[in-house]
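Quick note, the sequences are listed as chains S and P, same order. Heads up, the final residue of the first sequence is numbered 206 in the numbering used here, and it's a clean run with no missing numbers. Heads up, the final residue of the second sequence is numbered 399 in the numbering used here, and it's a clean run with no missing numbers. Ideal Cβ placement from N, Cα and C applies to all residues, glycine included.
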Amino acid sequence: MESSGFIESEKGDGYERGDEVSHIERYEIRIAGFGGQGVVTIGRILGEAFTLYEGKNSVNTQSYGPESRGGACKSEVVVSDGEIRYPNVRKADVLIALSQVALEAYIADLKEGGILLLDPNSIKNMPDRHKYQVYEVPALEIAHDIGGARFQNSVALGALYPQIAHIINESSLLRAISENVPVETVEINIEAFKRGMSYVKRDEGK
Amino acid sequence: MSKEMKANNTNKRLHNVHLLKPGEYYLQGSQACIEGAIMAGCRVYGGYPITPASEIMEYASRRLPQVGGRFIQMEDEIASASLLIGASWGGAKALTATSSPGFSLMQEAISIAIMSETPMVIIDVQRPGPGQGYITASQEDVMQARWGHHGEGSIIALAPSSVQEMFDMTIEAFNLSEQWRTPVLVMAEEPVAHMRERLLIPPWNEIEIIDRKKPQDLGIMPENYLPWGHDIVAPMANWGEGYSVNFVALVHLEDGNITKYSPQMHYDCIERLFRKIEGNVNEIARIETKFLEGCKNLVICYGCVARTAMEAVIEARKEGGLDVGYLRLITLWPFPQERLRDIVGNVNTILVPEMNLGMMKHPITEALRDRFQKIVSIPSLGVLHSPEYILSKIYEEIR
Numbered sequence: 001m002e003s004s005g006f007i008e009s010e011k012g013d014g015y016e017r018g019d020e021v022s023h024i025e026r027y028e029i030r031i032a033g034f035g036g037q038g039v040v041t042i043g044r045i046l047g048e049a050f051t052l053y054e055g056k057n058s059v060n061t062q063s064y065g066p067e068s069r070g071g072a073c074k075s076e077v078v079v080s081d082g083e084i085r086y087p088n089v090r091k092a093d094v095l096i097a098l099s100q101v102a103l104e105a106y107i108a109d110l111k112e113g114g115i116l117l118l119d120p121n122s123i124k125n126m127p128d129r130h131k132y133q134v135y136e137v138p139a140l141e142i143a144h145d146i147g148g149a150r151f152q153n154s155v156a157l158g159a160l161y162p163q164i165a166h167i168i169n170e171s172s173l174l175r176a177i178s179e180n181v182p183v184e185t186v187e188i189n190i191e192a193f194k195r196g197m198s199y200v201k202r203d204e205g206k
Numbered sequence: 001m002s003k004e005m006k007a008n009n010t011n012k013r014l015h016n017v018h019l020l021k022p023g024e025y026y027l028q029g030s031q032a033c034i035e036g037a038i039m040a041g042c043r044v045y046g047g048y049p050i051t052p053a054s055e056i057m058e059y060a061s062r063r064l065p066q067v068g069g070r071f072i073q074m075e076d077e078i079a080s081a082s083l084l085i086g087a088s089w090g091g092a093k094a095l096t097a098t099s100s101p102g103f104s105l106m107q108e109a110i111s112i113a114i115m116s117e118t119p120m121v122i123i124d125v126q127r128p129g130p131g132q133g134y135i136t137a138s139q140e141d142v143m144q145a146r147w148g149h150h151g152e153g154s155i156i157a158l159a160p161s162s163v164q165e166m167f168d169m170t171i172e173a174f175n176l177s178e179q180w181r182t183p184v185l186v187m188a189e190e191p192v193a194h195m196r197e198r199l200l201i202p203p204w205n206e207i208e209i210i211d212r213k214k215p216q217d218l219g220i221m222p223e224n225y226l227p228w229g230h231d232i233v234a235p236m237a238n239w240g241e242g243y244s245v246n247f248v249a250l251v252h253l254e255d256g257n258i259t260k261y262s263p264q265m266h267y268d269c270i271e272r273l274f275r276k277i278e279g280n281v282n283e284i285a286r287i288e289t290k291f292l293e294g295c296k297n298l299v300i301c302y303g304c305v306a307r308t309a310m311e312a313v314i315e316a317r318k319e320g321g322l323d324v325g326y327l328r329l330i331t332l333w334p335f336p337q338e339r340l341r342d343i344v345g346n347v348n349t350i351l352v353p354e355m356n357l358g359m360m361k362h363p364i365t366e367a368l369r370d371r372f373q374k375i376v377s378i379p380s381l382g383v384l385h386s387p388e389y390i391l392s393k394i395y396e397e398i399r
């Protein structure tokens, strides 16, 4: 998933909000992996969905250092119905780990019982399954199946959605995806989102 | 917009259809400040890229041409800042953005702009130094902002702490620069420049835009025009408007004469540059306070550190039951000494978290030189303080 970059000036007029969702004091989502996996884009999509389409407050930050494609990369979204002062994650409610390095770096900051979503094909040492709610989603494999590695972030986002459905509507995320990916890839990104979502739901049924 | 800004905009600069419409956006601080600049009437951007300020330039390169403005990549930061001087004297509102090493290079032009009373705005997304230092968060240029230029005179510097303030305070910076005919600095930091948050664009007619006073607006005829006279802030004639435009960065008389030198003329010329800003500190400088009533301990902060500080103050009050107040410097320079003295009358301990080793602690200490407050620095280098860190210092000092 790539960024379409520029925000059109026509986007500014009030937004239709989705269905009523739960009130939240502070909810912290961290996405980590390698540069090029779309980590920053998921953060932006989540942040925009929460803020513009749910009417909540959110701050989206990203790792900033001498990293580049292939280097370690993370993106964070802090969501609240109140004011967000400290903009970074303190104790994450959600960690999406798309690489072994990312998992090792950030697992310590995940709340006990927090949501851990990972791609088992890129993780060598699995964390303690009893401590967290672990969702294993082969995002890269699914992405390859439908069009290429660059859709793995949308697969991961789709797999995350059922776990955060109490605070966000699917329609908000789909709209944010449409607004933040190149026009020609909107459909395939939405397909990737749906595949990720049905994968975890199938998993739950077992 | 801040509440104290009144709605008296004439809309004359706001006819362009490519301005952001009123409403909600989800933007980076780097984008919000360019939208603020455009809203304020800025139509010239000259710059040279540097991490972590490059996103501002990149966005400017897309947006300025869309609103009929000029975007020019210069050969370096010296040329970028100099370009603002030329553009401003041509009648434009002009902007550049840089980061600390580039800010050092701009100091000569800033000094010339102070002396020639040139309205212009520079955004410094500070990075740690000295030297190339690193590319992350920093507040290490707050002293350079005030004292980096050679010579006397003063400066106006603002410290935004959110995406919304990157928009609002860039407009405020242009307004102040036009009102006081002086360069104005927006001292941002990496977190504020790169974070994304909601940006609310108010109805255009609620945004106050201040334009420089011109002699023709005041009924001053060309033959009577004193380029450096008439008022504490002289009306500014721009090139091509029929007035004798006098650009001078040497000590000068009201009519621009530089040859009839005397110590008195020197004093009058330079002292006015100082007084027009320092003498109007109460009009220019803004502070924000919370939990001040009867507080014995006070956290003084600015920029994005203020967000962490507020988080820590609230927790210290709620969980620690401590009596801690909060004061944010929205304007760093001119420094509101007198107001600070009034506010901290009964305070025992002052804590100053900063992303440097204690720079703004100096003017605070100077303002309170004859008092007995304990003033403690909470330093951090290269990274935004965590609430836990500030909280631990509060407990250490107060409990």
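Below 8 Å on the Cβ atoms is my guess for residue i versus residue j; work out the distance and round it to an integer in Å.
i             : j             : result
residue 385/P : residue 308/P : 5 Å
residue 142/S : residue 155/S : 5 Å
residue 53/S  : residue 176/S : 7 Å
residue 196/P : residue 163/P : 7 Å
Cβ-heavy atom distance between residue i and the ligand ATP below 7 Å?
i            : result
residue 77/P : As for the ligand ATP, it is missing from this structure, which has no ligand bound.
Express the C-alpha separation of residue j and residue i in angstroms, rounding to a whole number.
i             : j             : result
residue 316/P : residue 391/P : 7 Å
residue 356/P : residue 138/P : 7 Å
residue 133/P : residue 107/P : 19 Å
residue 65/P  : residue 59/P  : 11 Å
residue 284/P : residue 172/P : 10 Å
residue 238/P : residue 18/P  : 26 Å
residue 217/P : residue 226/P : 14 Å
residue 212/P : residue 290/P : 35 Å
residue 400/P : residue 221/P : It is not possible to answer for residue 400/P, since the shown part of chain P is limited to 1 through 399.
residue 90/S  : residue 75/S  : 13 Å
residue 149/S : residue 192/S : 11 Å
residue 302/P : residue 104/P : 22 Å
residue 361/P : residue 368/P : 11 Å
residue 97/S  : residue 111/P : 50 Å
residue 102/S : residue 32/S  : 5 Å
residue 232/P : residue 379/P : 39 Å
residue 201/S : residue 160/S : 11 Å
residue 142/P : residue 55/S  : 36 Å
residue 167/S : residue 160/P : 30 Å
residue 88/P  : residue 76/P  : 19 Å
residue 29/S  : residue 135/S : 15 Å
residue 7/S   : residue 114/P : In this prediction, residue 7/S has a pLDDT of 42, which is less than 50 and means its spatial position is unreliable; nothing more can be read from the coordinates.
If you follow the beta strand (DSSP E) that residue i is in, where does it begin and where does it stop?
i             : result
residue 323/P : Run containing residue 323/P: none; DSSP gives neither H nor E here.
residue 156/P : 156-158
residue 198/P : 196-201
residue 27/S  : 27-34
residue 37/S  : Here residue 37/S belongs to no beta strand (DSSP E), and DSSP marks it neither H nor E.
residue 134/S : 133-136
residue 216/P : Element bounds for residue 216/P: n/a, residue is neither H nor E.
residue 206/P : Where residue 206/P is concerned, there is no enclosing beta strand (DSSP E), given that its DSSP letter is neither H nor E.
residue 27/P  : 23-28
What are the start and end residues of the alpha helix (DSSP H) that includes residue i?
i             : result
residue 361/P : 361-367
residue 393/P : 387-398
residue 377/P : Per DSSP, residue 377/P belongs to no alpha helix (DSSP H); it is in the beta strand (DSSP E), 374-379.
residue 140/S : 139-146
residue 245/P : Where residue 245/P is concerned, there is no enclosing alpha helix (DSSP H), given that its DSSP letter is neither H nor E.
residue 187/P : Note, residue 187/P: premise wrong, no alpha helix (DSSP H); beta strand (DSSP E) at 183-189.
residue 179/P : 163-180
residue 267/P : 263-278
residue 283/P : 281-284
Answer with yes or no whether the minimum CB distance from residue i to chain B is below 8 Å.
i             : result
residue 384/P : Reference to chain B is not applicable here, since the protein chains of this structure are S and P.
Check: Pairing CB atoms from the segment 287-297 of chain P with CB atoms from the segment 249-263 of chain P, are three or more of them under 8 Å?
Finding: Counting Cβ pairs under 8 Å, fewer than three are found: no touch.
Next item on the list: Please determine if the segment 149-156 of chain P and the segment 324-337 of chain P are in contact, where contact requires at least 3 C-beta pairs separated by less than 8 Å.
Entry: They touch, by the three-pair rule.
Next item on the list: Go through the segment 38-71 of chain P residue by residue and report every complete run of the beta strand (DSSP E) that reaches 3 residues or more, in order.
Entry: Along the length of the segment 38-71 of chain P, whole beta strand (DSSP E) runs at least 3 residues long occupy 42-47, reported in chain order.
Margin query: Closer than 8 Å is the cut-off here; do at least three beta carbon pairs connect the segment 197-207 of chain P with the segment 19-29 of chain P?
Written below: As far as the Cβ criterion goes, the segment 197-207 of chain P touches the segment 19-29 of chain P, which means the pair count is three or higher.
Item checked: Every unbroken beta strand (DSSP E) inside the segment 43-124 of chain S [3 residues or more] -> Fully enclosed beta strand (DSSP E) runs of 3 or longer: 57-62, 72-80, 92-97, 110-118.
Item checked: At least three beta-carbon pairs within less than 8 Å, the segment 372-381 of chain P to the segment 347-355 of chain P -> Yes, the segment 372-381 of chain P is in contact with the segment 347-355 of chain P.
Next item on the list: Counting only runs of 3+ residues fully inside the segment 286-358 of chain P, write out the beta strand (DSSP E) ranges in chain order.
Entry: Correct list: 287-290, 297-301, 324-329, 331-333, 349-354.
Margin query: Ignoring anything shorter than 3 residues, give me the beta strand (DSSP E) runs that lie fully in the segment 81-139 of chain P, in order along the chain.
Written below: Those beta strand (DSSP E) runs which fall completely within the segment 81-139 of chain P and span 3+ residues are 93-98, 120-126.
Check: Taking the runs of the alpha helix (DSSP H) that are 4 residues or longer, which of them lie wholly in the segment 153-199 of chain S?
Finding: Segments of the alpha helix (DSSP H) lying fully in the segment 153-199 of chain S: 170-180.
Notebook entry, point to check: Would the segment 32-51 of chain P and the segment 68-83 of chain P be scored as touching if the rule is three or more Cβ pairs under 8 Å?
Noted result: Contact between the segment 32-51 of chain P and the segment 68-83 of chain P is established, with three or more Cβ pairs separated by less than 8 Å.
Item checked: Stretch pair the segment 262-279 of chain P + the segment 43-52 of chain S: three plus CB contacts closer than 8 Å -> At 8 Å Cβ cutoff, the stretches do not touch.
Check: Counting pairs of Cβ atoms below 8 Å between the segment 112-131 of chain P and the segment 254-267 of chain P, do you hit three or more?
Finding: Contact fails: fewer than three Cβ-Cβ distances are below 8 Å.
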